[in-house]
Each structure stands twice: as C-alpha cells, then as structure tokens.
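Residue numbers (my numbering): 5 to 189. Heads up, the beta-carbon is just placed ideally off N, CA and C, and yes, glycines get one too.
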Amino acid sequence: MVLPIVAYGDPVLRKKGVEIAKDYPNLQQLIDDMFETMERAKGVGLAAPQVNKSIRLFVIDSTRMYDEGEENEGIREVFINAKIIDETGDEWGYEEGCLSIPTIREDVYREEDIVIQYYDREFNFREKKFTGLTARVIQHEYDHIEGILFIDHLKPLKKSLLKGRLDNISKGKVSVEYKMKFPKV
Ligand code: NI
C-alpha cells in the first residue's frame, strides 16, 4: 500500500525516532509499504518519520544511482535501530533532495565513508561500511530518524532564502506527483 508522505513543517519530521523491537506491530507490512511508497515517488530512500511514524527505521534503494557494471552497484536494504559509529574521509558536495521537501535541491557536504550498526528486516545484527553515493543516502535517511533535514546542513543565508518556498510546501502549494500529507492545509 502506498502511504502519504509527510511534508516539510510537520512536527513528526523533527522528532527523534525511538528504537523498535522485533515484535513491532505489522513491521513487515510497514517495510513493504515503505518500499512501495518510495518507489512510487521515485525516491532512493525513505525514513519512517516521513510516513508519520517516529521510529528508527528507514529503507534504501541506491541501485538505480549506479550504472550497470559499475564496481559499486548500490544496495536495497532495510535499516532498523541504526547507529552510525564512524564517519571518515573528505567532505564532498552532492545535490540532495527529499521526498518531504519536493522541488528543492541543494548541495550538501558530507563525509565519504561511514560505518553503521543496524538490524536488518529479519532482525539480524549487522555492522557494515559504506562509501560514496550509498553512504550519502544512508546519511540523509539517518538524519531523518534524528529529526534532521538536509536543509539544516545549508548555510543560514541559503536556508533563509528558501523560507518562502518551504512555507508554500507546508501549505501544499507545490506541484508533486505522489500522495502527500501537508501540515498547513
Ligand atoms: Ni529526505
């Protein structure tokens, strides 16, 4: 089932997600719904707060960011109760967007490599290292479960210039091709 995506301005996007247990109600269905919602919106990642659930869960599909045959082919993965334990490497800029903040795209600088601990959808514990675009998507989604949005990484002047457009997004005054829930409508 495709779920509505919460738009900028909704307080749920600012809450820190709580950890969940293996018996969290309808977890497998929620994960399937999140993948379906992400794919319908042509996203590469989606975090639970974006579907109005303040929990530490996000899904990623970075495979379509890479060309076929590239050494790094991206991942399609579920991250539960994730914790980034190390971030290293040079900061590099990349133009990010967010399904909760449609039409706005800005360069964000992040470190290149991460080490992350998490549980997969079967609740197996994992510790893995990711780099480049896949690390970038994980860092963006990880921010969501911490109540942080990509625009928070922009310089204050840049962010203040976006204020009018952000207000319009909260009010639903934006053209978007997937189902959204707007806080100020
Ligand atoms: Ni996002």
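Closer than 7 Å: residue i CB and nearest ligand 1 heavy atom
i, result
"L7", "no"
"H157", "no"
"S66", "no"
"S164", "no"
"L137", "no"
Helix, strand or coil at residue i according to DSSP, with G and I counted as helix
i, result
"L103", "coil"
"V22", "strand"
"I152", "coil"
"I88", "strand"
"E95", "strand"
The alpha helix (DSSP H) enclosing residue i, as first and last residue numbers
i, result
"A11", "No alpha helix (DSSP H) holds A11; DSSP gives it neither H nor E."
"F62", "Element bounds for F62: not the alpha helix (DSSP H) but the beta strand (DSSP E), 61-65."
Sub-8 Å separation of residue i and residue j beta-carbons
i, j, result
"L103", "Q33", "no"
"L153", "S66", "no"
"I120", "I89", "yes"
"V22", "M42", "no"
"F127", "K26", "yes"
Cβ-Cβ separation, residue j to residue i (assumed contact under 8 Å), whole Å
i, j, result
"P106", "I24", "No, P106 and I24 are not in contact; Cβ-Cβ is about 28 Å, not under 8 Å."
"V141", "V48", "5 Å"
"D94", "E116", "6 Å"
N- and C-terminal bounds of the beta strand (DSSP E) containing residue i
i, result
"F39", "F39 -> not in any beta strand (DSSP E); alpha helix (DSSP H) instead, spanning 31-44."
"R114", "110-123"
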